[in-house]
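Enquirer: Input: one structure, supplied below.
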Amino acid sequence: MARLVLAALLATTAVPALAGSVDSPDGRIHVTVDTDQDGVPFYTVERDGKAVLAKSFLGFNFTDAEPMRRGFRIEQETTATADSKWEQPWGERQWVRDHHNELAVTMIQPSTKGERHLTVRFRVFDDGIGFRYEFPDQASLPVANIADELTEFNIAQDGKAWWIPGGDWNRYEYLYHETPISSVGMAHTPITMVLGDGTHVSFHEAALVDYSGMWFRRMEGTRFRASLAPSSRGAKVVRKGAFDTPWRTIRIAPDAAGLVENDLELNLNEPNKLGDVSYFKPQKYIGIWWGMIRGDWTWAQGPNHGATTARSKQYIDFAAKHRFSGVLIEGWNEGWDGNWFGNGRDFSFTKAYPDFDIKAVTDYARKKGVQIIGHHETGGNIAVYEKQMDAGFALDEQLGIHLVKTGYVADAGNLISCNADIHDPCGDEIFEWHDGQRSVQHHLAVLEDAARHKVAIDSHEPVKDTGLRRTYPNWVAREGARGQEYNAWAKFANGPGHEVNLVYTRMLAGPMDFTPGVLSLVGSNGQPIASTEAKQLGTYLAIYSPIQMAADFIENLAAHPKELAFIEQVPADWAESHLIAGEVGEYAIFARKDRNSADWYVGGVNNATARDVELGFDFLEPGKVYTATIYKDGPGATYETEARFNIAYDTRKIRKGDKLPLWLAPGGGAAIRLTPDK
Ligand code: NOJ
Ligand code: CA
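This is how it looks when you write it as structure tokens:
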């Protein structure tokens, strides 16, 4: 705040121009907001006095109105500060602190239709910043037909970046590039960077509601600009009256842990709108799934149909015996016979195939204390789904199904929709992006309808996560990245470092239904997975989700009883989570405390480079002795050969402050359960 006063004192013009600034509560991050000599608004960001973002311009282009770029004058600045704590119904941590300083800058711009007003609101936390644009209801711009945002991120130094392409055909399902920042192309967010001076940053967005998703486009050097996902309407975003854009977010930290243990986007989302969501229980699950992904079974009818009543009962029995709360059953419904990819016209979300007795299966599950996880694959046809989803969720509610996995398998830009507001009656099919405004609207409509029927959602091929689980805590997980499924389709398909890359990029956005637990370490045709046995267990700790699958065939899970025992025990809901060792792109070891017991779990994943690490146990309760059950890479383990099965087991006593040396194999990992002695 002192700088605000100083800036005002230094202004020497007759009518002093306002130039705002705001610091993080600890004073280390400093943001300025101003307009340049042409009245173009911009902001800058420093940490510890060093530039993180140099002058970065703000603004909009419209399809039918003059740009919001030049000629702005700052009209008013207001500041605020907040420090509160809020509770997550489920999550990586139970309590979240929201501590920030705020600066809202309202600007005026003359236009041929009269003066236009725009507010930019910045919130500055100790570990990052968020800002959004707020449009008032104004006669000079009654409808904002946004051609694109002109928001810039002018990164002050080069460094390394981890990113996947934005605006490409396979949505978010790519391996990560690790390149100089100055070689990034068009990227999705979160995009993570380590600047030359070691500052860790990650760019993303929060509260993506009724707007188009932001791609991150490099303009030149290390200067980036927001590029909104397109829309069939021409304007990428259409909003009437007053509205706020999503927050543009920048996590800023000195190290990897500071990036990961960071609640920036959650804090920038609105509080829970749904109230009680206790119908959803964090859980582990198995499913009639890997068999179809591998190609042994089919979703469609026929001799190898996966979702039969008999197999469902067999999976329910296994789940009940091994403490899995859920059984996912895919291919239960009509619509899979034929080409459903990017089509989805034949799907029914209420009619089961004749060899799947949905009532008998859900009754049997209930008797065994297990819940069926429903499945709604849309083939990307959101128009068909919107017509039927309420009936589908009503059926789920009636059958006692409280979690549904949805799917939008279609190439990016090929989501089949129909915009009732511009196509009335809604006849022709039109095509949208998975992260365009129409899709964003669709996902929230699904969540709201599902919530009315006490159903939680796990969306695959979704729009990216922007922290909306705070507002809609029935949005429990999603895919939105390259999951384990790719390992079924080619040898080492995800590569040994993919899970590590996910931790520092995709996982900054929120929970992922990655589906670990392929204990057989093979996909179709015996093709090996780039993982050691211990890494499959470590993935439960590295990749957070309140729903964690054990993806393999149940016979394969049973063939690894010790590993299965770990999966049975590992929680899917945490009181606290900490990254206790790790580097972006290299490895990641977490310590997480069970929300429902005094147990701690430690573990994680490595990339292709073998390494020795030393784990510290400062987080344990003082004075207590814990029994540690350790699963680690055995001597000579490597993902590259049959030695991927080398796993070593150990048990020892551990106290707060102890150190534990640990060797991580190429493509390896580790998992440890710590139980306090009585
Ligand atoms: C792709 C999803 O990621 C996968 O989990 C699902 O089984 C198929 N689509 C079919 O819905
Ligand atoms: Ca997928």
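If you read the sequence shown in the numbering used here, its first letter stands for residue 143, the second for the next number, and so on.
Every residue gets a Cβ at the ideal spot worked out from N, C-alpha and C, and that includes glycine.
Since the model is a prediction, treat every value here as computed from it, not as a measurement.
CB-CB under 8 Å to threonine 451, same chain, minus the five flanking residues each way: which ones, in chain order?
Expert: As a first step, residue 451 must be located in the sequence shown, where it is residue number 309. Result list for threonine 451: Asp497, Phe498, Asp499, Ala502, Val503, in chain order.
Enquirer: Could you spell out where the beta strand (DSSP E) holding threonine 647 opens and where it closes?
Expert: Against the sequence shown, residue 647 aligns to sequence position 505. Run containing threonine 647: none; DSSP gives neither H nor E here.
Enquirer: What residue ranges within the segment 157-227 form continuous beta strand (DSSP E) runs of no fewer than 3 residues, ordered along the chain?
Expert: Segments of the beta strand (DSSP E) lying fully in the segment 157-227: 162-165, 171-177, 183-189, 192-199, 202-204.
Enquirer: Would you call lysine 529 buried or exposed, if buried means 16 or more other Cβ atoms sit within 10 Å of its Cβ?
Expert: Here residue 529 corresponds to residue number 387 of the sequence shown, with the count starting at 1. By the neighbour-count rule (16 or more Cβ atoms within 10 Å), lysine 529 is not buried but exposed.
Enquirer: Tell me whether the beta-carbon of alanine 348 lies closer than 8 Å to the beta-carbon of glutamate 407.
Expert: Within the sequence shown, numbered from 1, the residue matching residue 348 stands at position 206. Within the sequence shown, numbered from 1, the residue matching residue 407 stands at position 265. Result yes, Cβ atoms of alanine 348 and glutamate 407 sit closer than 8 Å.
Enquirer: Which class does phenylalanine 422 belong to by DSSP, given the choice of helix, strand or coil?
Expert: Numbered from its first residue, the sequence shown carries residue 422 at position 280. If DSSP states are grouped into helix, strand and coil, phenylalanine 422 belongs with coil.
Enquirer: Assuming leucine 283 and alanine 207 form a contact by the criterion Cβ under 8 Å, report the distance between their Cβ atoms to the nearest whole angstrom.
Expert: Against the sequence shown, residue 283 aligns to sequence position 141. Against the sequence shown, residue 207 aligns to sequence position 65. Leucine 283 to alanine 207, Cβ: 6 Å. Contact.
Enquirer: In whole angstroms, give me the CA-to-CA distance for phenylalanine 202 and aspartate 290.
Expert: As a position in the sequence shown, residue 202 is number 60, starting the count at 1. As a position in the sequence shown, residue 290 is number 148, starting the count at 1. For phenylalanine 202 and aspartate 290, the distance between alpha carbons rounds to 6 Å.
Enquirer: How about histidine 517: is its Cβ closer than 7 Å to a heavy atom in ligand 2?
Expert: The residue given as residue 517 occupies position 375 in the sequence shown. It does not: the Cβ of histidine 517 is nowhere closer than 7 Å to a heavy atom of ligand 2.
Enquirer: Counting only runs that start and end within the segment 659-715, where is the beta strand (DSSP E) found for 3 or more residues in a row?
Expert: Runs of the beta strand (DSSP E) inside the segment 659-715: 689-691.
Enquirer: Which two residues bound the contiguous alpha helix (DSSP H) that contains methionine 531?
Expert: Here residue 531 is taken as the residue at index 389 of the sequence shown, counted from 1. 524-541 is the span of the alpha helix (DSSP H), which, as asked, contains methionine 531.
Enquirer: Sorry if obvious, but does the Cβ on isoleucine 435 come closer than 7 Å to a heavy atom of ligand 1?
Expert: In the sequence shown, the residue the question calls residue 435 occupies position 293. Yes, the Cβ of isoleucine 435 comes within 7 Å of a heavy atom of ligand 1.
Enquirer: Is glutamine 280 helix, strand or coil when you go by DSSP?
Expert: If you number the sequence shown from 1, residue 280 lands on position 138. Here glutamine 280 sits in coil by DSSP.
Enquirer: Would the segment 323-330 count as touching the segment 360-368 if we require 3 or more Cβ pairs under 8 Å?
Expert: The segment 323-330 is in contact with the segment 360-368.
Enquirer: For lysine 820 and arginine 734, what's the separation of their Cα atoms in angstroms?
Expert: To locate residue 820, count along the sequence shown from 1; it is residue 678. To locate residue 734, count along the sequence shown from 1; it is residue 592. Straight-line Cα distance between these residues: approximately 20 Å.
Enquirer: Leaving out five residues before and five after arginine 465 in sequence, what residues of the same chain have Cβ atoms less than 7 Å from its Cβ?
Expert: Counted from its first residue, the sequence shown places residue 465 at position 323. Contacts found: Glu710.
Enquirer: Please list the terminal residues of the continuous beta strand (DSSP E) segment that includes histidine 585.
Expert: Position 443 of the sequence shown, counting from 1, holds the residue named residue 585. Premise fails: histidine 585 lies in the alpha helix (DSSP H), 579-594, not in any beta strand (DSSP E).
Enquirer: Answer yes if the segment 800-813 comes into contact with the segment 762-777, meaning at least three C-beta pairs across the two stretches below 8 Å, and no otherwise.
Expert: Touching, per the Cβ criterion.
Enquirer: Where do the ends of the beta strand (DSSP E) carrying methionine 356 lie?
Expert: Indexing the sequence shown from 1 puts residue 356 at position 214. Where methionine 356 is concerned, the enclosing beta strand (DSSP E) stretches over 356-362.
Enquirer: Suppose the cutoff is 6 Å on Cβ atoms and the five residues either side in sequence are ignored; what does the same chain contact list for aspartate 792 look like?
Expert: In the sequence shown, counting from the first residue as 1, residue 792 sits at position 650. Contacts found: Ile772.
Enquirer: Cα separation between alanine 813 and glycine 776?
Expert: Against the sequence shown, residue 813 aligns to sequence position 671. Against the sequence shown, residue 776 aligns to sequence position 634. Taking the straight line joining both Cα atoms gives about 13 Å.
Enquirer: Alpha helix (DSSP H) containing methionine 654: first to last residue?
Expert: Stepping through the sequence shown from its first residue, residue 654 is reached at position 512. Methionine 654 -> no alpha helix (DSSP H), and no H or E assigned at all.
Enquirer: Is histidine 342 near ligand 1, with its Cβ less than 7 Å from a heavy atom?
Expert: Counting from 1 along the sequence shown, the entry for residue 342 is found at position 200. It does not: the Cβ of histidine 342 is nowhere closer than 7 Å to a heavy atom of ligand 1.
Enquirer: In the DSSP assignment, the beta strand (DSSP E) including glutamate 559 goes from what residue to what residue?
Expert: Locating residue 559 in the sequence shown gives position 417, counting from the first residue. For the sequence presented, residue 559 should be read as serine rather than glutamate. Start and end: 557-559.
Enquirer: I need the DSSP call for serine 601, collapsed to helix, strand or coil.
Expert: Along the sequence shown, read from residue 1 onward, the residue named residue 601 stands at position 459. Three-state DSSP puts serine 601 in a strand.
Enquirer: Exposed or buried, what is aspartate 715 when buried is set at 16 or more other beta-carbons lying within 10 Å of its beta-carbon?
Expert: Within the sequence shown, numbered from 1, the residue matching residue 715 stands at position 573. Burial call: buried.
Enquirer: Count the other CB atoms, across all protein chains shown, that sit within 10 Å of the CB of proline 713; report buried if there are 16 or more and exposed otherwise.
Expert: To locate residue 713, count along the sequence shown from 1; it is residue 571. When all chains shown are included, proline 713 counts as buried.
Enquirer: Considering only residues of the segment 234-301, which uninterrupted beta strand (DSSP E) runs meet the minimum length of 3 residues and lie entirely inside it, listed in chain order?
Expert: With a minimum length of 3 residues, the continuous beta strand (DSSP E) runs that stay inside the segment 234-301 are 237-251, 258-267, 270-277, 285-291, 294-297.
Enquirer: Measuring alpha carbon to alpha carbon, tell me which residue in Arg235, Thr254, Ile524 is nearest glycine 486.
Expert: By 1-based counting over the sequence shown, the position of residue 486 is 344. Ranking the options by Cα distance to glycine 486, first place goes to Ile524.
Enquirer: Less than 8 Å between the beta carbons of aspartate 240 and serine 226, yes or no?
Expert: Within the sequence shown, the letter at position 98 stands for residue 240. Within the sequence shown, the letter at position 84 stands for residue 226. Going by C-beta atoms, aspartate 240 is nearer than 8 Å to serine 226.
Enquirer: Can you tell me where the alpha helix (DSSP H) with tryptophan 432 in it begins and where it stops?
Expert: On the sequence shown, position 290 is the one that residue 432 refers to. Where tryptophan 432 is concerned, the enclosing alpha helix (DSSP H) stretches over 432-436.
Enquirer: If you measure between the beta carbons of proline 638 and alanine 723, is that distance less than 8 Å?
Expert: Translated into positions along the sequence shown, residue 638 becomes position 496. Translated into positions along the sequence shown, residue 723 becomes position 581. Not in contact: proline 638 and alanine 723 (Cβ atoms no closer than 8 Å).
Enquirer: Tryptophan 896 to histidine 640, Cα distance in whole Å?
Expert: For residue 896 there is no data in the structure shown, the boundaries of the chain being 143 and 820.
Enquirer: Tell me whether histidine 602 counts as near ligand 1, meaning its Cβ is closer than 7 Å to at least one heavy atom of that ligand.
Expert: Taking the first residue of the sequence shown as 1, we reach residue 602 at position 460. Under cutoff, so the answer is yes.
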